[in-house]
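Worksheet: one structure, shown below.
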Amino acid sequence: MPAVNEQEVWSAADAYLEDELVGEDADLAAARAASSEAGLPDIAVSPLQGKFLHLLARATGARRVLEVGTLGGYSTIWLARALPGDGRLVSLELEPRHAEVARSNLVRAELADRVEVRIGRAADSLSAMISAGEAPFDLVFIDADKPSNAAYLEFALQLSRPGTLIVVDNVVRKGALADRASLDPAVIGSREVIEALAADPRVDATALQTVGMKGHDGFAVALVLGV
Ligand code: SAH
Ligand code: DHB
Ligand code: MG
-1 MPAVNEQEVW SAADAYLEDE LVGEDADLAA ARAASSEAGL PDIAVSPLQG
49 KFLHLLARAT GARRVLEVGT LGGYSTIWLA RALPGDGRLV SLELEPRHAE
99 VARSNLVRAE LADRVEVRIG RAADSLSAMI SAGEAPFDLV FIDADKPSNA
149 AYLEFALQLS RPGTLIVVDN VVRKGALADR ASLDPAVIGS REVIEALAAD
199 PRVDATALQT VGMKGHDGFA VALVLGV
């Protein structure tokens, strides 16, 4: 038997599952292509992961979704498509160029009416939303700068109600999460948010490792019990 590259196996299984279960449509494919064309990093959720987020939003009946980290709006499209016509999604993005690509992708996907992409440091936007008395969100997807994960969790809790679902992307980082000695700021950020979830009586949480076209990573998922 030839040596098998694990990444090839994961990618092949992802391709099979994506082909069977997702079948990315023209607007999603165009969003991915436009993001790549604009030189944005190739770090959006995979199609299977995007559909997973979409199904979580539908299963929870989400009407208000908060996303931290828009990039080109690929995950935004998946989440916004789960919303009813009068639903609303707010997505926070630091880079004006990313937000511009995302807005154009959302217009193409005919979702611009229910999505607001806010430019600025997410911590500033979140503070402003809390001060302004923004209504609670039903689902929060945290997927921006990883060292701020624990801070974003705290803000998210202040914008939650009992029953809100909080999902944090990229917490496993090829398993480096388990390396207490790691000096990688993203790994430290992942550990901090996992430990914050573990210690916080306002939530009950788990995490799932994933393998696939994006390698080995994972999501944390937390249910808000009380705030
Ligand atoms: N959710 C997207 C991927 C987001 S990538 C998807 O799956 O399709 C992470 C994004 O977070 C990048 O666009 C980056 O510019 C943004 N970001 C980084 N630091 C940020 C900050 N401090 N505030 C808001 N956004 C930030
Ligand atoms: C990175 C960020 C992401 O949001 C992601 O899904 C994958 C990788 C990163 O910063 O390396
Ligand atoms: Mg991510």
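Numbering-wise, the sequence shown is residues -1 to 225 according to the working numbering.
Virtual Cβ for every residue (Gly too), placed ideally from N, Cα, C.
Membership of isoleucine 186 in the alpha helix (DSSP H) is indicated by the continuous run 183 to 197. In this model, isoleucine 186 and leucine 221 are separated by some 23 Å (Cα to Cα).
For the region 125 to 156, the continuous alpha helix (DSSP H) assignments of 4+ residues that do not extend past its boundaries occur at 147 to 156, in sequence order.
Between leucine 54 and leucine 157, the gap from beta carbon to beta carbon reaches 8 Å or more. Counting along the chain, the unbroken alpha helix (DSSP H) around arginine 56 starts and ends at 45 to 57. Taking non-hydrogen atoms of ligand 2 into account, the C-beta of alanine 184 is found less than 7 Å away from one of them. Beta bridge pairing from DSSP links glutamine 207 with Gly216. Under DSSP, glutamate 35 forms no beta bridge with any residue. A distance criterion of 7 Å places the beta-carbon of aspartate 12 beyond contact range of ligand 2, judged by its closest non-hydrogen atom.
For glutamate 16, the three-state secondary structure derived from DSSP is helix. Remark: the shortest separation between the CB of threonine 204 and any heavy atom of ligand 1 does not fall under 7 Å. Here alanine 29 is buried, its C-beta having at least 16 other C-beta atoms within 10 Å. Contact annotation, alanine 205 with alanine 184: C-beta distance approximately 15 Å; criterion of less than 8 Å not satisfied.
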